[in-house]
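The numbering of the sequence shown is my numbering, which starts it at 12 and goes up by one. Just so you know, even glycine gets a beta-carbon here, dropped at the ideal spot from N, CA and C.
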Amino acid sequence: MFDCDVLVIGGGIVGLSTAHALTRAAPGTRVTVLEKEQDLARHQTGRNSGVIHSGLYYRPGSLKARFAVEGAAEMVKFCAEWGIPYEVTGKLVVATEREELPRLHALVQRGRENGIPVRELGPSQISAYEPRVRGLAAIHVGTTGICDYGAVAARLAEISGARILRGAEVTAVDRRPWGVAVRTADGRVVRGKVLVNCAGLHCDRVARLAGDDPGMRIVPFRGEYYELTDPSLVRGLVYPVPDPAFPFLGVHLTRGIDGGVHVGPNAVPALAREGYGWSVVRPRELGATLAWPGSWAIARAHWRYGAGEMHRSLSKRAFTEAVRRMLPIVEESDLRRAVPGVRAQAVLKDGTLVDDFLIREAARTVHVLNAPSPAATASLPIGREVARRALAHL
């Protein structure tokens, strides 16, 4: 009667980590992963900057703080074990304005509360790490690194032992006392005892298909990147001091595992769940976003911030100026467009941006409803947590 014990929707790094954790925690568990694309890790997993985050920014005791700190160490170990390219580079967080200094000092305290080694730097010490970067003060975080998350996801898929069905977009979920039956766009029906929703940009839609009210909506934010034409301008990773009112880290410089340097991202509303450019518009998805009261609450509360992000999206000169705050040597001609990404940000009805990982359970179901950055870093402990909850429903 059952095609599997646990049915996982979503073939990104969180879904694949969950599949891997299920088969490790309970050998013999039959796991099926449904991925709507023909390839795995096509969206958030495959379109990020590849940073192994230290856990510096996140509220002590939160899932993000716990799982990022654990996950960073585990990700380095996983990459080393399986021969996946990685490097523990460390990073700088640089204050360029006096009003940023209190926030920088607060980050030092938060990092120490989260058990992260943090070193405070003055202007001359910044130059020792990054000769072309300028700032009033900075902190150095030694546990930050970089890797190839697409390769991590591919390895997790390989070693999980799960059956992976590609091109399997979920269109209906029938949940019964005995389990769940899922129908895909091509007419297949897959039955399992427990459903795990790791659908990322579409997780709220899948939750509603299952008959659950997630209490939030995914509001997609596109992150647009450039890359430096001369990567020698930056040695490693350089970040601005983030605004604590937002879950976005601002325009930063990231030397990737391939040696190139990504610059960005900004954060602008996407006009589709997978809206990787202004030309990608899906009226039904856009309409659903605009119908959610939280979207308008965000716009009213943060219109100044949003206007600045839009300006940097539409003006390369404005984007360049944001970079020049930390790297004054940069000119517009030093930047060329790179592959954008979309962040699946959960927003509550009152406009609150959910700032922690959000995992909710219902009958025979586990929903992962907010897993943006640093979810790739934290994917191994997230997978174990989701697997633990799913196994409790068997």
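Taken in chain order, the whole beta strand (DSSP E) runs of length 3 or more contained in the region 122-188 are 129-132, 148-152, 156-158, 174-177, 181-187.
When the Cα atoms are used, residue 306 and residue 39 turn out to be separated by approximately 44 angstroms. In this structure, residue 20 sits away from residue 262, with a CB-CB distance that is not shorter than 8 angstroms. When C-alpha distances from residue 292 are compared across 233, 333, 219, the shortest belongs to 233.
Per DSSP, the unbroken beta strand (DSSP E) holding residue 273 starts and ends at 272-275.
The criterion of a C-beta distance shorter than 8 angstroms is satisfied by residue 103 and residue 141.
Annotation: residue 150 to residue 66 spans about 14 angstroms, alpha carbon to alpha carbon. The beta carbons of residue 340 and residue 143 sit about 5 angstroms from each other, so the pair counts as a contact at 8 angstroms. The C-alpha of residue 43 lies about 6 angstroms from the C-alpha of residue 175. Excluding the 5 residues flanking it on each side, residue 210 has same chain C-beta neighbours closer than 6 angstroms at 20, 21, 217, in chain order.
For the pair of segments examined, the region 281-297 was found not to touch the region 156-170: the number of CB pairs separated by less than 8 angstroms stays below three. The C-beta separation of residue 273 from residue 238 comes to about 5 angstroms, placing the pair in contact by the 8 angstroms criterion.
For residue 119, the three-state secondary structure derived from DSSP is helix.
Taking the CA atoms as reference points, residue 95 sits about 42 angstroms from residue 308. Cα atoms of residue 204 and residue 98: separation of roughly 40 angstroms, rounded to the nearest angstrom.
Counting C-beta atoms within 10 angstroms of its own C-beta, residue 352 has 16 or more neighbours from the protein chains shown and is therefore classed as buried. The C-alpha of residue 288 is placed about 15 angstroms away from the C-alpha of residue 327. Excluding residues up to 5 positions away in sequence, 225 lie with their Cβ nearer than 8 angstroms to the Cβ of residue 219 in the same chain.
The C-beta distance from residue 128 to residue 154 rounds to 7 angstroms, short enough to fall under 8 angstroms. In the DSSP assignment, residue 357 is bridged to 229. Here the region 380-387 lies against the region 357-372, with 3 or more beta-carbon pairs under 8 angstroms apart.
Membership of residue 16 in the beta strand (DSSP E) is indicated by the continuous run 15-20.
Taking the Cα positions, residue 185 is about 20 angstroms away from residue 41.
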